[in-house]
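Chains as they are written, first to last, in this note's numbering: chain B, -5 to 434; chain C, 715 to 797. Idealized CB from N, CA, C, for every residue including glycine. In what follows, a single structure is set out as structure tokens and then discussed.
Set out below in structure tokens:
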């Protein structure tokens, strides 16, 4: 997962006085900034809230209020154009050609679209995310999580990302979607290949390799979907393949097969990578902040506190750093005039760290009255469709970790922690820890 | 009247959180709230994320089904700009 891990360097840890310089010289394309971005975010929010990052050729939207403004106007700020522009940026034609030739087709992400098309897709996709589905999945997820944690808990040391977060999340997604166990390593590779398309860090050689991985993924998913088409089961692939919604006039909407492929692919990747990142971040906080470890230990059985714990974890360490939009006309945003066709990155992680919105933003405080204002799930019509499932998964994992692990410590110095180089997420690549097993 | 149009479960993700608060004098308020009903666990968890705008009689508007007996109900909608 971390074949191109970035070292943390001093450039990103600038003192406030250096922030102006930082803004002029730095780019979110720099792996050192990606790893430790908060000073860069702060400088943007203060001096240039909608900041043009020349290296990325994107405008970084850094303030909470401006992100909300963008999210509330999905016509001016297009996800369809923004996402597909970001995908394999600069190499898109070649990427598309490989998928068409070898991957069963190029399936644009149907959910990464604009109204009115998006409205239809979103309704059909919500079939897979009903309260019923989330509730039904919880006991099975708890079992899967407990089984894996039991195999690690007695060992005293582990890589919290590679040995726990990644395999744990993959097992859960396999369960949800109804895929085959024993595919963990492949699913992990496929996941990296898809997310790399919006990470802006791959060269042509890597793009070609990743495209081939995505071809393999698509063939696998198409096979599974055809099986479910013939005989549905209680899983999310069946939900998507057989999704139907009734219109007011009594007519029925369904997904085309190409749309369904793109949605199943999106479910696999979005539910996998981001959740694994959240669990890696949880272990990081447990290992480095005693108050967070104590709170989890004391409150694991308290559903209300745990709901708030998960929310604050997602605010403090949002798995998704930034996602794309593109302007469809000239527009002013946060005092900056943007031309039509401007590519934007909504830097959620920056908005979550804004002290006018979240006082003492680095404090882990489950009693914040505006806990739910974080933008880790985005917002507006594109707000994460899987958020209830994500919250439940992270909560279950945190509870099961609390039942088995104590005295979690970093096994390496904190400044040696490496992050996956990407603008899209902030993901710890590897996190060696030590711990003791909590007696039952 | 509350905006019941988004009435799908899990609708918090749909547009924005619209917290409505049953309005009236204390006795009238209690009577109305009884008719409207209390939030279930899932809805409570969502409301609990926005305690700055939530009151004892708050509900997510998308979870209130309009019925004849709610005729005359008045609600206060939480400020739009917050979420």
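Integer Cβ distance of residue i from residue j, believed to fall under 8 Å
{"i": "residue 118 of chain B", "j": "residue 308 of chain B", "result": "Not really, about 26 Å apart at Cβ, beyond 8 Å."}
{"i": "residue 231 of chain B", "j": "residue 218 of chain B", "result": "6 Å"}
{"i": "residue 324 of chain B", "j": "residue 333 of chain B", "result": "6 Å"}
{"i": "residue 194 of chain B", "j": "residue 55 of chain B", "result": "Incorrect: roughly 16 Å between the Cβ atoms, too far for contact."}
{"i": "residue 52 of chain B", "j": "residue 337 of chain B", "result": "5 Å"}
{"i": "residue 97 of chain B", "j": "residue 212 of chain B", "result": "5 Å"}
{"i": "residue 182 of chain B", "j": "residue 160 of chain B", "result": "6 Å"}
{"i": "residue 246 of chain B", "j": "residue 114 of chain B", "result": "Not a contact, Cβ separation roughly 11 Å."}
{"i": "residue 13 of chain B", "j": "residue 33 of chain B", "result": "6 Å"}
Beta-carbon proximity of residue i to residue j, cut-off 7 Å
{"i": "residue 403 of chain B", "j": "residue 281 of chain B", "result": "yes"}
{"i": "residue 50 of chain B", "j": "residue 37 of chain B", "result": "no"}
{"i": "residue 406 of chain B", "j": "residue 266 of chain B", "result": "no"}
{"i": "residue 273 of chain B", "j": "residue 122 of chain B", "result": "no"}
{"i": "residue 362 of chain B", "j": "residue 371 of chain B", "result": "no"}
{"i": "residue 19 of chain B", "j": "residue 320 of chain B", "result": "no"}
{"i": "residue 28 of chain B", "j": "residue 318 of chain B", "result": "no"}
{"i": "residue 316 of chain B", "j": "residue 341 of chain B", "result": "yes"}
{"i": "residue 388 of chain B", "j": "residue 304 of chain B", "result": "yes"}
{"i": "residue 508 of chain B", "j": "residue 375 of chain B", "result": "In the structure displayed, chain B extends from -5 to 434; residue 508 of chain B sits before or after that span and is not available."}
{"i": "residue 100 of chain B", "j": "residue 90 of chain B", "result": "yes"}
{"i": "residue 328 of chain B", "j": "residue 64 of chain B", "result": "no"}
{"i": "residue 35 of chain B", "j": "residue 347 of chain B", "result": "yes"}
{"i": "residue 85 of chain B", "j": "residue 227 of chain B", "result": "no"}
{"i": "residue 151 of chain B", "j": "residue 419 of chain B", "result": "no"}
{"i": "residue 260 of chain B", "j": "residue 61 of chain B", "result": "no"}
{"i": "residue 364 of chain B", "j": "residue 766 of chain C", "result": "yes"}
{"i": "residue 188 of chain B", "j": "residue 391 of chain B", "result": "no"}
Collapsed DSSP secondary structure at residue i in the structure displayed
{"i": "residue 342 of chain B", "result": "helix"}
{"i": "residue 317 of chain B", "result": "strand"}
{"i": "residue 227 of chain B", "result": "coil"}
{"i": "residue 788 of chain C", "result": "coil"}
{"i": "residue 413 of chain B", "result": "strand"}
{"i": "residue 427 of chain B", "result": "strand"}
{"i": "residue 132 of chain B", "result": "helix"}
{"i": "residue 758 of chain C", "result": "helix"}
{"i": "residue 69 of chain B", "result": "coil"}
{"i": "residue 250 of chain B", "result": "coil"}
{"i": "residue 406 of chain B", "result": "coil"}
{"i": "residue 772 of chain C", "result": "strand"}
{"i": "residue 127 of chain B", "result": "helix"}
{"i": "residue 240 of chain B", "result": "strand"}
{"i": "residue 180 of chain B", "result": "helix"}
{"i": "residue 163 of chain B", "result": "helix"}
{"i": "residue 78 of chain B", "result": "helix"}
{"i": "residue 778 of chain C", "result": "coil"}
Rounded straight-line distance, which links the Cα of residue j to that of residue i
{"i": "residue 755 of chain C", "j": "residue 132 of chain B", "result": "15 Å"}
{"i": "residue -1 of chain B", "j": "residue 424 of chain B", "result": "At residue -1 of chain B, the pLDDT of 47 sits below 50, so the modelled position is not reliable; the number obtained from the coordinates is stated separately. Near 9 Å, if we compare the C-alpha coordinates of residue 424 of chain B and residue -1 of chain B."}
{"i": "residue 111 of chain B", "j": "residue 253 of chain B", "result": "11 Å"}
{"i": "residue 358 of chain B", "j": "residue 276 of chain B", "result": "12 Å"}
{"i": "residue 330 of chain B", "j": "residue 70 of chain B", "result": "15 Å"}
{"i": "residue 772 of chain C", "j": "residue 210 of chain B", "result": "49 Å"}
{"i": "residue 201 of chain B", "j": "residue 104 of chain B", "result": "22 Å"}
{"i": "residue 135 of chain B", "j": "residue 264 of chain B", "result": "17 Å"}
{"i": "residue 190 of chain B", "j": "residue 415 of chain B", "result": "9 Å"}
{"i": "residue 165 of chain B", "j": "residue 72 of chain B", "result": "34 Å"}
{"i": "residue 204 of chain B", "j": "residue 244 of chain B", "result": "43 Å"}
{"i": "residue 426 of chain B", "j": "residue 157 of chain B", "result": "9 Å"}
{"i": "residue 279 of chain B", "j": "residue 408 of chain B", "result": "11 Å"}
{"i": "residue 356 of chain B", "j": "residue 137 of chain B", "result": "33 Å"}
{"i": "residue 395 of chain B", "j": "residue 300 of chain B", "result": "13 Å"}
{"i": "residue 116 of chain B", "j": "residue 128 of chain B", "result": "17 Å"}
{"i": "residue 302 of chain B", "j": "residue 225 of chain B", "result": "40 Å"}
{"i": "residue 15 of chain B", "j": "residue 310 of chain B", "result": "26 Å"}
{"i": "residue 162 of chain B", "j": "residue 220 of chain B", "result": "27 Å"}
{"i": "residue 750 of chain C", "j": "residue 255 of chain B", "result": "41 Å"}
{"i": "residue 335 of chain B", "j": "residue 747 of chain C", "result": "49 Å"}
{"i": "residue 178 of chain B", "j": "residue 386 of chain B", "result": "21 Å"}
{"i": "residue 401 of chain B", "j": "residue 295 of chain B", "result": "19 Å"}
{"i": "residue 93 of chain B", "j": "residue 762 of chain C", "result": "45 Å"}
{"i": "residue 411 of chain B", "j": "residue 270 of chain B", "result": "16 Å"}
{"i": "residue 718 of chain C", "j": "residue 782 of chain C", "result": "Residue confidence for residue 718 of chain C is low, a pLDDT of 30 falling below 50, so the modelled location carries little weight; the figure read from the coordinates is stated next. Roughly 14 Å separates the two Cα atoms."}
{"i": "residue 741 of chain C", "j": "residue 41 of chain B", "result": "52 Å"}
Identity of the residues DSSP links to residue i by a beta bridge
{"i": "residue 185 of chain B", "result": "The partner list for residue 185 of chain B (beta bridge, DSSP) is empty, contrary to what the question assumes."}
{"i": "residue 101 of chain B", "result": "DSSP lists no partner for residue 101 of chain B."}
{"i": "residue 326 of chain B", "result": "B:331"}
{"i": "residue 54 of chain B", "result": "B:45, B:339"}
{"i": "residue 400 of chain B", "result": "B:430"}
{"i": "residue 152 of chain B", "result": "B:427"}
{"i": "residue 422 of chain B", "result": "B:413"}
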